[in-house]
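The structure appears right after this line, and notes come after that.
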Amino acid sequence: MTSITLGQYFPGNSLLHRLDPRFKIVLAVLYITASFLCKSIWSFAALALSAVVLILISRIPPSFVLRGLRPILFIMLFTVVLNVFLTRGETLLIDFWIIHIYLEGVLTALSMVLRITVIIIGTGMFLTYTTTPIALTDGIERLFSPLKVFHLPVHEFAMMMTIALRFIPILIEETEKIMAAQKARGADFSTGSLMQRAKALIPILVPLFVSAFRRADELAVAMECRCYRGGEGRTRMTVLHATAADWVMLAAMILFGAVLLLINRFAPGFAL
Amino acid sequence: MEPFIQVEQLNYAYDEDGGQRRRVLRDLSFSVERGEYVAILGHNGSGKSTLAKLLNLILTPDSGKIIIAGREITDPNLTEDELYEVRRRMGMVFQNPDNQLVATIVEEDVAFGPENLGVPSEEIRRRVDEALALVGMTKYAHHEPHRLSGGQKQRVAIAGIIAMLPDCIIFDESTAMLDPMGRRDVLRIMDNLNRERGITVLTITHYMNEAARADRVLVLNDGELYMQGTPAEIFSHPDRLAAIGLDVPQCTDLVHQLRDAGIAVEGDCLTPAQCADAICAACAASGITFAPPRT
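Below is the structure:
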């Protein structure tokens, strides 16, 4: 019960770990945008190289990063099959029975796979692997605070995330306790048809919900006792400061996008 | 000098299912001096916790007055700022440590109160460090609350209240869910806050030995003030306490039983140490001596 990892934060102290969470959110968005700028095989090569560089900077073991790609393997396979078999082009590679595979299809499939891989690695490097959930929540709150002008509940959303993060481990622990208690009275969760198993969950969910509501009520009173009255007039203990490294990374990212566009323009190998 | 907390003719009733009103507090009046350590005793449903929630306006009384530091907080014209000032002055620590911690990092949680009050960042940092040091949790500043023990979590909760610089802290059965170690730590912190920082402590409890540490004890029964006095006065009436389902600390009970059996034991005997001394003195007086304990 002691090892609940939320997200896939990998503790460390690399340059990427130390960046301001606000900048990291912006950098992740820019990186995803950059991956869509790629048009030529050379710009894709540059993109792949950038992902490798990011992994090296983060000092996170590549095997750990690759493991994170496993859940999307199916989506990638699906994309490949679809693109390879269904794209029509000019250079026919294989023409057998009803199967027609064109060079364009293969290239599109490869570029899609590379793009998805890089997007996942990129967001991981900037956000999930190097930023704690708390820092991320904090970053979201401050980055989007200008949206309060449009009456968007930015502070409330961040507070909800914080409380959720705080109570997830407690509720998991409680679920385990209730399950153990029900098992001790002869409840059976692991055999029977799907329907029977679903039914066996009801005696767990009911007490869990009751307790969650009771906790919510107590927490609300405790928050009121500690003078909580929403985001208005609230100060923060830790103030985020953008450092030189943050601005340098931002500039580098914009430069990277410009380089990709230049490569597309001047080295349009296998233009897609 | 006027008392710090003055409660006059306080009434409160809950709406029950079926439209019935259940009176929880009936014409309750008492006062607490600044810097006093007061225990509130009573069995379940005697209105103890309701009283605590009325004192910082989480609940509003049906009738009666509450005056804190000269300001009547039950005044209907109380401004919102005054309301939050009351909540800041009257810090409250609850029973379940899990349900009062908000943030996912200890020091962030301690900062929650001052952040709500709009205290400048550097000042929050200073208060958080000081509060954590006071409860002995400095080295856990960056831990996640769910990895701490119950007693440690409760100490963090207390630090979160201290960081708001309250005049008074109400402990609503704050030791009830703790193991003996955690309870001892929390009680020691309560004593410290009272003796060294001059913070008024109100502790709601049904542990008699915790009430014995207070300067004064208020006993509530069915929403009415049943008895009040020093722990020694209160616990010298075990029959009156027994009538409403409360008992006296075990050691005091022992001394009472000895007296009933005709053995003259002197003193109040509120703690095991006092009790042991009194019994030894009684033995010596009747000529019984003990061999020194073997070490």
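Which chain is which? The protein sequence lines are V and X, in order.
Residues 263 to 534 (our numbering) are what the first sequence spells out, left to right.
Residues 1471 to 1765 (our numbering) are what the second sequence spells out, left to right.
Don't be surprised by glycine CBs; every beta carbon is placed ideally from N, CA and C.
Start-to-end residues for the alpha helix (DSSP H) that takes in residue i
i                       : result
residue 279 of chain V  : 277-280
residue 1743 of chain X : 1742-1755
residue 1462 of chain X : No information on residue 1462 of chain X is available, as it lies outside the stretch 1471 to 1765 that chain X covers here.
residue 499 of chain V  : Residue 499 of chain V -> no alpha helix (DSSP H), and no H or E assigned at all.
residue 314 of chain V  : 303-320
residue 1620 of chain X : 1620-1632
residue 290 of chain V  : 283-299
residue 1727 of chain X : 1720-1730
residue 1518 of chain X : 1518-1525
residue 1591 of chain X : 1591-1604
residue 329 of chain V  : 324-329
residue 518 of chain V  : 506-528
residue 1614 of chain X : Element bounds for residue 1614 of chain X: n/a, residue is neither H nor E.
Opening and closing residue of the beta strand (DSSP E) in which residue i lies
i                       : result
residue 1642 of chain X : 1638-1642
residue 1535 of chain X : 1533-1538
residue 1672 of chain X : 1670-1675
residue 1477 of chain X : 1475-1485
residue 1587 of chain X : That residue, residue 1587 of chain X, is in no beta strand (DSSP E); its alpha helix (DSSP H) goes 1576-1587.
residue 1510 of chain X : 1507-1511
residue 1561 of chain X : 1560-1563
Chain-ordered neighbours of residue i on chain V, where CB pairs are closer than 9 Å
i                       : result
residue 1526 of chain X : 486, 487
residue 1572 of chain X : 421, 424, 425, 428, 481, 484, 485, 488, 490
residue 1515 of chain X : Here the premise fails: no neighbours, minimum Cβ distance about 18 Å.
residue 1595 of chain X : 499, 500
Inter-residue Cα distance where the pair is residue i and residue j
i                       : j                       : result
residue 1532 of chain X : residue 1653 of chain X : 35 Å
residue 265 of chain V  : residue 276 of chain V  : Its pLDDT being 42, under 50, residue 265 of chain V is placed unreliably by the model, and the measurement read from it follows with that caveat. Roughly 23 Å separates the two Cα atoms.
residue 1519 of chain X : residue 439 of chain V  : 28 Å
residue 263 of chain V  : residue 475 of chain V  : Because residue 263 of chain V sits at a pLDDT of 35, beneath the cut-off of 50, its placement in the model cannot be relied upon, and the point is left open.
residue 1514 of chain X : residue 389 of chain V  : 50 Å
residue 331 of chain V  : residue 371 of chain V  : 17 Å
residue 1711 of chain X : residue 1718 of chain X : 7 Å
residue 1590 of chain X : residue 1558 of chain X : 16 Å
residue 504 of chain V  : residue 278 of chain V  : 13 Å
residue 1636 of chain X : residue 326 of chain V  : 48 Å
residue 313 of chain V  : residue 305 of chain V  : 13 Å
residue 1583 of chain X : residue 528 of chain V  : 59 Å
residue 341 of chain V  : residue 1598 of chain X : 52 Å
residue 1487 of chain X : residue 1493 of chain X : 14 Å
residue 482 of chain V  : residue 1646 of chain X : 20 Å
residue 268 of chain V  : residue 360 of chain V  : Bear in mind that the predicted position of residue 268 of chain V carries a pLDDT of just 48, short of 50, making it unreliable; the figure below should be weighed with that in mind. Rounded to the nearest angstrom, the two C-alpha atoms are 47 Å apart.
residue 1753 of chain X : residue 1740 of chain X : 19 Å
residue 1673 of chain X : residue 1689 of chain X : 12 Å
residue 1630 of chain X : residue 1581 of chain X : 7 Å
residue 338 of chain V  : residue 374 of chain V  : 8 Å
residue 423 of chain V  : residue 391 of chain V  : 18 Å
residue 518 of chain V  : residue 1614 of chain X : 38 Å
residue 1491 of chain X : residue 1480 of chain X : 16 Å
residue 281 of chain V  : residue 511 of chain V  : 9 Å
residue 328 of chain V  : residue 1560 of chain X : 53 Å
residue 1745 of chain X : residue 1755 of chain X : 15 Å
residue 1641 of chain X : residue 1671 of chain X : 8 Å
residue 414 of chain V  : residue 491 of chain V  : 17 Å
residue 1658 of chain X : residue 1508 of chain X : 15 Å
residue 224 of chain V  : residue 426 of chain V  : Since the first and last residues shown for chain V are 263 and 534, residue 224 of chain V lies out of range.
When the options are compared against residue i, the one with the closest alpha-carbon
i                       : options                        : result
residue 1478 of chain X : X:1730, X:1723, X:1735, X:1498 : X:1498
residue 468 of chain V  : V:436, V:355, V:299, V:529     : V:436
residue 1552 of chain X : X:1538, X:1563, X:1564         : X:1538
residue 1667 of chain X : X:1586, X:1736, X:1483, X:1605 : X:1605
residue 364 of chain V  : V:377, V:349, V:530            : V:349
residue 1574 of chain X : X:1556, X:1549, X:1610         : X:1610
residue 368 of chain V  : V:322, V:347, V:301, V:421     : V:347
residue 1505 of chain X : X:1482, X:1722, X:1472         : X:1472
residue 333 of chain V  : V:320, V:383, V:292            : V:383
Residues that residue i contacts on chain V, provided the C-beta gap is smaller than 7 Å
i                       : result
residue 1583 of chain X : 488, 489
Contacts of residue i in chain V (Cβ-Cβ under 8 Å)
i                       : result
residue 1554 of chain X : 489, 491
residue 1598 of chain X : 499
residue 1630 of chain X : 488
Within chain X, partners of residue i - CB distance below 9 Å
i                      : result
residue 277 of chain V : Under the 9 Å cutoff, chain X gives no residues; its nearest Cβ is about 21 Å from residue 277 of chain V.
residue 501 of chain V : 1591
residue 396 of chain V : 1573, 1574, 1575, 1578
residue 477 of chain V : 1566, 1568, 1569
Residue i: contacting residues in chain X (beta-carbon distance under 7 Å)
i                      : result
residue 431 of chain V : 1616
residue 495 of chain V : 1588
Proximity test, Cβ basis, 8 Å: residue i and chain C
i                       : result
residue 1620 of chain X : Of the chains in the structure shown, none is chain C; the protein chains are V and X.
Original post:
Taking only runs of the beta strand (DSSP E) that begin and end inside the region 1680-1717 of chain X, which ones reach a length of at least 3 residues, in chain order?
Top reply: 1686-1691, 1694-1699
**OP:** Note down, one range per segment and in chain order, each beta strand (DSSP E) of at least 3 residues found wholly within the region 431-488 of chain V.
**Re:** none
**OP:** For the region 343-405 of chain V, list the beta strand (DSSP E) runs that are entirely contained and at least 3 residues long, ordered along the chain.
**Re:** 354-358, 361-364
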